[in-house]
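Student:
Protein chains: 2
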Amino acid sequence: MTNNNLMKRRNFIKGLGAAGLAAAATPALALSNNSKGVQWHRSVDIAIIGSGFAGLAAAVEAKRLGAKDVEIFEKMSVVGGNSAINGGLFAAPDTPMQRKEGLKDSVETMVADQVAAGRGIAYEDLLRHVAEHANEALQMTIDAGAEYHPYLQQLGGHSVARTYQTTVSCGAGITQPLYKETKKLGVPTHTRAKFEGFLVNDNGDVEGIKIRENYYFGRDNNGEVVNIKVAKGVIMATGGFAQNVAMRMAQDPTLTSEVGCTNAKGATGEGMFEMFRLGAIPVHMAHIQSGPWASPDEGGFGYVSNYSIFNFPHSIAVNLKSGRRFMNEIADRKTRADAELANRDDEGNPMPPIMITSYEHSKKHPTAKKVLKYGVGWKFDSLEELAKHFNIPLKALEKQIDEYNGYVKTGVDKQFGKPMDKAMGKYLKAPFTVVRLWPKVHYCQGGVQITTKAEVVDSFSGKPIKGLYAAGEVTGGIHGVSRLGSCSIPECMVMGMTASRSILKA
Amino acid sequence: MTNNNLMKRRNFIKGLGAAGLAAAATPALALSNNSKGVQWHRSVDIAIIGSGFAGLAAAVEAKRLGAKDVEIFEKMSVVGGNSAINGGLFAAPDTPMQRKEGLKDSVETMVADQVAAGRGIAYEDLLRHVAEHANEALQMTIDAGAEYHPYLQQLGGHSVARTYQTTVSCGAGITQPLYKETKKLGVPTHTRAKFEGFLVNDNGDVEGIKIRENYYFGRDNNGEVVNIKVAKGVIMATGGFAQNVAMRMAQDPTLTSEVGCTNAKGATGEGMFEMFRLGAIPVHMAHIQSGPWASPDEGGFGYVSNYSIFNFPHSIAVNLKSGRRFMNEIADRKTRADAELANRDDEGNPMPPIMITSYEHSKKHPTAKKVLKYGVGWKFDSLEELAKHFNIPLKALEKQIDEYNGYVKTGVDKQFGKPMDKAMGKYLKAPFTVVRLWPKVHYCQGGVQITTKAEVVDSFSGKPIKGLYAAGEVTGGIHGVSRLGSCSIPECMVMGMTASRSILKA
Chain D
1 MTNNNLMKRR NFIKGLGAAG LAAAATPALA LSNNSKGVQW HRSVDIAIIG
51 SGFAGLAAAV EAKRLGAKDV EIFEKMSVVG GNSAINGGLF AAPDTPMQRK
101 EGLKDSVETM VADQVAAGRG IAYEDLLRHV AEHANEALQM TIDAGAEYHP
151 YLQQLGGHSV ARTYQTTVSC GAGITQPLYK ETKKLGVPTH TRAKFEGFLV
201 NDNGDVEGIK IRENYYFGRD NNGEVVNIKV AKGVIMATGG FAQNVAMRMA
251 QDPTLTSEVG CTNAKGATGE GMFEMFRLGA IPVHMAHIQS GPWASPDEGG
301 FGYVSNYSIF NFPHSIAVNL KSGRRFMNEI ADRKTRADAE LANRDDEGNP
351 MPPIMITSYE HSKKHPTAKK VLKYGVGWKF DSLEELAKHF NIPLKALEKQ
401 IDEYNGYVKT GVDKQFGKPM DKAMGKYLKA PFTVVRLWPK VHYCQGGVQI
451 TTKAEVVDSF SGKPIKGLYA AGEVTGGIHG VSRLGSCSIP ECMVMGMTAS
501 RSILKA
Chain X
1 MTNNNLMKRR NFIKGLGAAG LAAAATPALA LSNNSKGVQW HRSVDIAIIG
51 SGFAGLAAAV EAKRLGAKDV EIFEKMSVVG GNSAINGGLF AAPDTPMQRK
101 EGLKDSVETM VADQVAAGRG IAYEDLLRHV AEHANEALQM TIDAGAEYHP
151 YLQQLGGHSV ARTYQTTVSC GAGITQPLYK ETKKLGVPTH TRAKFEGFLV
201 NDNGDVEGIK IRENYYFGRD NNGEVVNIKV AKGVIMATGG FAQNVAMRMA
251 QDPTLTSEVG CTNAKGATGE GMFEMFRLGA IPVHMAHIQS GPWASPDEGG
301 FGYVSNYSIF NFPHSIAVNL KSGRRFMNEI ADRKTRADAE LANRDDEGNP
351 MPPIMITSYE HSKKHPTAKK VLKYGVGWKF DSLEELAKHF NIPLKALEKQ
401 IDEYNGYVKT GVDKQFGKPM DKAMGKYLKA PFTVVRLWPK VHYCQGGVQI
451 TTKAEVVDSF SGKPIKGLYA AGEVTGGIHG VSRLGSCSIP ECMVMGMTAS
501 RSILKA
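Chains D and X supply the protein sequences, listed in that same order. Sequential numbering of the first sequence, starting at 1, is according to UniProt numbering. Sequential numbering of the second sequence, starting at 1, is according to UniProt numbering.
(1) Any chance you could list the beta strand (DSSP E) runs of at least 3 consecutive residues sitting entirely within the stretch 169 to 252 of chain D, in chain order?
(2) What did DSSP end up calling glutamine 400(D) once you bin it into helix, strand or coil?
(3) Is it the case that the stretch 251 to 258 of chain X contacts the stretch 217 to 235 of chain X, given that we only count it when at least three CB pairs across the two stretches are under 8 Å?
(4) Could you give the uninterrupted runs of the alpha helix (DSSP H) lying entirely in the stretch 278 to 320 of chain X, keeping only those of 4 residues or more?
(5) On a CA-only basis, which of Met420(X), Arg119(X), Gly218(X) and Asn203(X) is nearest arginine 483(X)? Give me that one, please.
(6) Taking Cβ-Cβ distances shorter than 8 Å, what residues in chain X pair up with glycine 120(D)?
(7) State the start and end residues of the unbroken alpha helix (DSSP H) segment that holds cysteine 492(D).
(8) Using only CA atoms, which one of Asp125(X), Val70(X) and Ala161(X) lies nearest to methionine 97(X)?
(9) Along the stretch 206 to 224 of chain X, what residues have a CB closer than 7 Å to any CB found in chain D?
(10) Taking any Cβ of chain D, which residues in the stretch 451 to 463 of chain X have a Cβ under 7 Å from it, in chain order?
(11) Apply the 10 Å Cβ neighbour rule to proline 439(X) and answer buried if 16 or more other Cβ atoms are within range, or exposed otherwise.
(12) Check whether the stretch 76 to 89 of chain X touches the stretch 297 to 305 of chain X, taking contact to mean three or more Cβ pairs, one atom from each stretch, closer than 8 Å.
(13) Taking 7 Å as the cut-off, decide whether the C-beta atoms of cysteine 261(X) and valine 441(X) are in contact.
(14) State the beta-bridge partners of tryptophan 378(D) as determined by DSSP.
(15) Would you check if there are 3 or more beta carbon pairs closer than 8 Å linking the stretch 446 to 462 of chain D to the stretch 186 to 194 of chain D?
(16) Methionine 249(D) CB to nearest chain X CB: under 7 Å?
(17) State the beta-bridge partners of glutamine 449(D) as determined by DSSP.
(18) What alpha helix (DSSP H) runs, 4 residues minimum, are completely inside the stretch 91 to 175 of chain X?
(19) Classify glutamine 39(D): buried if its beta carbon has 16 or more other beta carbons within 10 angstroms, exposed otherwise.
(20) Tell me, to the nearest whole angstrom, how far the beta carbon of proline 490(X) is from that of alanine 134(X); I am working on the premise that it is less than 8 Å.
(21) Am I right that glycine 52(X) and glycine 472(X) are in contact with their C-beta atoms under 8 Å? What's the rounded C-beta distance?
(22) Let's test the definition: count the other Cβ atoms within 10 Å of the Cβ of threonine 182(D) and tell me whether it reaches 16, buried, or not, exposed.
(23) Return the residues of the stretch 436 to 452 of chain D that lie within a Cβ-Cβ distance of less than 7 Å from chain X, sorted by chain order.
(24) For the stretch 121 to 141 of chain X, which residues have a CB atom closer than 7 Å to at least one CB atom of chain D, in sequence order?
(25) Just curious, the alpha helix (DSSP H) that arginine 336(D) is in, first and last residue?
(26) Please state whether DSSP places aspartate 421(X) in a helix, a strand or coil.
(27) Please classify lysine 429(D) as buried or exposed, where buried requires at least 16 other C-beta atoms within 10 Å of its C-beta.
(28) Given this structure, state the Cα-to-Cα distance separating alanine 57(D) from serine 459(X), to the nearest angstrom.
(29) Which runs of the alpha helix (DSSP H) fall wholly inside the stretch 344 to 370 of chain X and span at least 4 residues, in chain order?
(30) Let's test the definition: count the other Cβ atoms within 10 Å of the Cβ of asparagine 391(D) and tell me whether it reaches 16, buried, or not, exposed.
(31) Is any beta-carbon of chain D found at less than 7 Å from that of proline 282(X)?
(32) Examine chain D for any beta-carbon lying closer than 7 Å to the beta-carbon of methionine 285(X), and answer yes or no.
(33) Expressed to the nearest angstrom, what Euclidean distance is found between the alpha-carbon atoms of proline 292(X) and asparagine 405(D)?
(34) In the DSSP assignment, the beta strand (DSSP E) including glycine 467(X) goes from what residue to what residue?
(35) Measuring CA to CA, which of Ser35(X), Arg99(X), Ile465(X) and Ser159(X) is closest to alanine 280(X)?
(36) Compare the C-alpha of lysine 395(D) against each of Leu320(D), Met327(D), Pro352(D) and Ala368(D) and name the closest.
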């Protein structure tokens, strides 16, 4: 009896309030989850749970390969999940734009960068599989109508500029075109359709799913549960659990509800934990990534995240007490988040550092206007003004900027070894734009173990669980300790496509 | 349907060979695991799975509290599990021996040491609960007849000497007396009795267990399965998964079957993974600890581990190429293991460092004789001989030893900040004893999430799973990233005792 007591389940998410508490009193109906004798309400060929990058790419690929009845089930009332609200950053090796810009890159180089960030425990076979197919996935988005800035960015931990970004600087620039494409291809997407569990045969093979229709997120046990027989395969593309405070605190007791989170509210991980109940192997659950580019001055992903991702290469991050830099501004995410968290006042309270950028460089990205407009960034005409505003020792800050401008000239950062390629010629000078930095919970490296065929492995048999596939943030292993920025979209899309290929034996 | 397809399960342990493979062909019998309609073969009040520290302490405590029918089920043919073969090191704060030696210590100090090693993610409430009850557990072992060396040791990461060690320098010095105590108290221990899964009611509460009797480890599906009704509670004390190569590689792909392991063969983790199938929360699974005191020259825990744990405080660890120290020899385990693994030749191949000890100090521990007798340690009459044997630059080594002896004199290690309390007056001088060091997989910090009552938490409800308790290495959270040495025995015993107290509401 996996999924025991499904009808009694409460949403174990702190902060849901009265709705969640009331539901706890609902009596148990004790649904069995063996499919034997189950009344099937209807059937599909391929059921995709979740409508983010992974789910949408799986749907498009399945239809391309001739699948008939493909359906997407999304628990929220809107399509796109957490994918729709991130930065829309897409890394791929050896792309047309890299060739145009004369940049050398390869699958091996991209894999090596990620292996380094993964600190020895990343799954290299999965990284290679994704890198090898990243251009296909990129092309799928372009074919569907996604539009990208006409330049590449070099994100933290990448040894070369290889990151595309949507012109809207947002993941919706990809999920919206892909969603339109699924509609064109005849894939129905059911919103407010919550995955409730698997229906399995006596061998533990997945034969169907339970879907709660007319579900409202944040309430519980509302709507009606239908049993859907799945002929070919279920693809779990349900994402991470960064918004599930109890589950993230299980891994890191410091990640309380007080800690900011960039994710969409629906990122609560039930799909992942349901797979563990089925026997999937939990991998790297303890590795929860905080985004070092976030701001304490706004909620969620906000404007500053995109702003600082773009500007880090030609900016400095500065400690308020010392007026000195404290990190390589384009190190990998974990390195930077750890360095930022070390910024404390004398009592040990958080003292968010600032990022200083020349206004003439920041204004080249559309987010510069937005951070100023919404009061989460500041513009200063002189260093004196800036230092006064943040109570930074002026002399020290002047010295730091002089030193840094020396590195811009020589191309060698003697303080932190930051690669200066993208900073060449970009001296720091007034007027300045400034944002404050403080990490927010952003990404769950952990999840279910999968093969390079997107099959979900059983902890006892070591074999794939028949009928079950998973793709994207719900899976674990590929990134190891720390995922590099812009490597999630290619992963989600390639593994979603791969799941459909595996099911259809293409 | 948790535990689907139990009868078909294969032991997913690489290296089991033909027996394991043959079993894969056994036909599925598709046992249901809902207890409805199950034929109960017999019943017990408290079922304890596993006969290591946690299981034995749970059994003794349950009987003390008046429980009637308590039984232990052990899959191996011998009692004691992995507990019986470790170093028999037991940390407790503010003990009689500390007071005798004039050492100040407290629950808070012991907790603080462990919190630091846990690198921010240890469960402080569990650490405190264990530290508060550690003396009771120590007393339980003494009452049962365990004997300890008449001195305390200061292990890596501990800020004070607080570690007892059995006179046999082995965990069997505790498991044997405790086992005798359980027999005296009328607790049957069934060996070759393998836990196969839970039997649960419609609410998911644990009502019984399946036990495969007459089981032979390494074969599969041998013996017969009986259904045992459990009236009061099941205590899972099944240990870690360090010997399950597939499962440890899932967390760290570098921990192949080529990597040494100190654990007993039975440490394969089925009990843990079965709890995940029931809905237990996987915590810190990625944190697998390697013991920095192990030797590449012998299998398993061996003789060198105890030898070097005793000698590290007054010894130096030296890199063969440079002839220099490379770590604080009593830093926490992870810090040292990482430092040792960085010892490489020019091609990047492992180049195990050596530990150098004055023979006059090493000979005070019984293991010194053993490492020499079994050829896993060497004795040299002069530094010249030693340097020649290991091809170390003599001048550099001489200089290093001179420097280090300076630290012994001043009590301040200027190289790595090692606490020198236990090294005072212990100068390094010929003759020397030497062992080689290389980390071995030793301990799984990860496991199921529990409360301070040893209840197992359900991932969806956030509430304890009724009828289920867990204690010891099978649980996760308490140690965070890195467990301090000698903190496992108190944890296992206190949480085993706690489980029985919770069941009996004592």
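Each residue gets a CB set at the ideal place from its N, CA and C atoms; glycine is no exception. These numbers were taken from a predicted model, which means no experiment stands behind them.
Tutor: Reading it off the structure:
(1) 194 to 200, 206 to 213 and 224 to 236
(2) Along the first sequence, read from residue 1 onward, the residue named residue 400(D) stands at position 400. Here glutamine 400(D) carries a helix assignment [DSSP, helix/strand/coil].
(3) no
(4) As far as the stretch 278 to 320 of chain X is concerned, its whole alpha helix (DSSP H) runs of at least 4 residues are 304 to 311.
(5) Residue numbering aside, residue 483(X) sits at position 483 when the second sequence is read from its first letter. Closest option to arginine 483(X), Cα to Cα, is Arg119(X).
(6) To locate residue 120(D), count along the first sequence from 1; it is residue 120. Those are Asp252 and Thr254, listed as they occur along chain X.
(7) One-based indexing of the first sequence puts residue 492(D) at position 492. Residues 488 to 503.
(8) Here residue 97(X) refers to the residue found at position 97 when the second sequence is read from its first residue. Closest by alpha carbon: Ala161(X).
(9) none
(10) Ser459, Phe460, Ser461 and Gly462
(11) As a first step, residue 439(X) is located in the second sequence; it is residue number 439 there, counting from the start. Result: buried.
(12) yes
(13) Sequence index remark: in the second sequence, residue 261(X) carries index 261 (1-based). Sequence index remark: in the second sequence, residue 441(X) carries index 441 (1-based). Yes.
(14) Here residue 378(D) corresponds to residue number 378 of the first sequence, with the count starting at 1. DSSP output for tryptophan 378(D) lists Val434(D) as bridge partner(s).
(15) no
(16) Here residue 249(D) is taken as the residue at index 249 of the first sequence, counted from 1. For methionine 249(D), the answer is no, since every Cβ of chain X falls outside 7 Å of its Cβ.
(17) In the first sequence, residue 449(D) corresponds to position 449, counting from 1. According to DSSP, glutamine 449(D) bridges with Gly476(D).
(18) 96 to 101, 107 to 117 and 124 to 144
(19) Working through the first sequence from its first residue, we reach residue 39(D) at position 39. When all chains shown are included, glutamine 39(D) counts as exposed.
(20) Looking up residue 490(X) in the second sequence gives position 490. Looking up residue 134(X) in the second sequence gives position 134. Yes, they are in contact, since the Cβ atoms of proline 490(X) and alanine 134(X) sit about 4 Å apart, within 8 Å.
(21) Residue 52(X) sits at position 52 when you count from the first residue of the second sequence. Residue 472(X) sits at position 472 when you count from the first residue of the second sequence. Cβ atoms of glycine 52(X) and glycine 472(X) come within 8 Å of each other, at about 6 Å.
(22) To locate residue 182(D), count along the first sequence from 1; it is residue 182. Buried, because 16 or more other Cβ atoms sit within 10 Å of the Cβ of threonine 182(D).
(23) Gln449
(24) Ile121 and Tyr123
(25) Position 336 of the first sequence, counting from 1, holds the residue named residue 336(D). Here the alpha helix (DSSP H) through arginine 336(D) covers 333 to 341.
(26) Translated into positions along the second sequence, residue 421(X) becomes position 421. If DSSP states are grouped into helix, strand and coil, aspartate 421(X) belongs with the helices.
(27) What you label residue 429(D) is simply residue 429 of the first sequence in a count that begins at 1. Label assigned to lysine 429(D): exposed.
(28) Position 57 of the first sequence, counted from the start, is the residue given in the question as residue 57(D). Position 459 of the second sequence, counted from the start, is the residue given in the question as residue 459(X). Going from the Cα of alanine 57(D) to the Cα of serine 459(X) covers about 29 Å.
(29) 359 to 362
(30) The sequence position of residue 391(D) within the first sequence is 391, counting from 1. Exposed, since its Cβ has fewer than 16 Cβ neighbours within 10 Å.
(31) Working through the second sequence from its first residue, we reach residue 282(X) at position 282. Proline 282(X) counts as touching chain D.
(32) Residue numbering aside, residue 285(X) sits at position 285 when the second sequence is read from its first letter. Output row for methionine 285(X): interface = yes.
(33) The residue given as residue 292(X) occupies position 292 in the second sequence. The residue given as residue 405(D) occupies position 405 in the first sequence. Taking the straight line joining both Cα atoms gives about 44 Å.
(34) Here residue 467(X) refers to the residue found at position 467 when the second sequence is read from its first residue. First-last of the beta strand (DSSP E) with glycine 467(X): 464 to 470.
(35) As a first step, residue 280(X) is located in the second sequence; it is residue number 280 there, counting from the start. Comparing Cα positions, the closest option is Ile465(X).
(36) Taking the first sequence and counting its residues from 1, the one referred to as residue 395(D) is at position 395. That would be Leu320(D), whose Cα lies nearest to the Cα of lysine 395(D).
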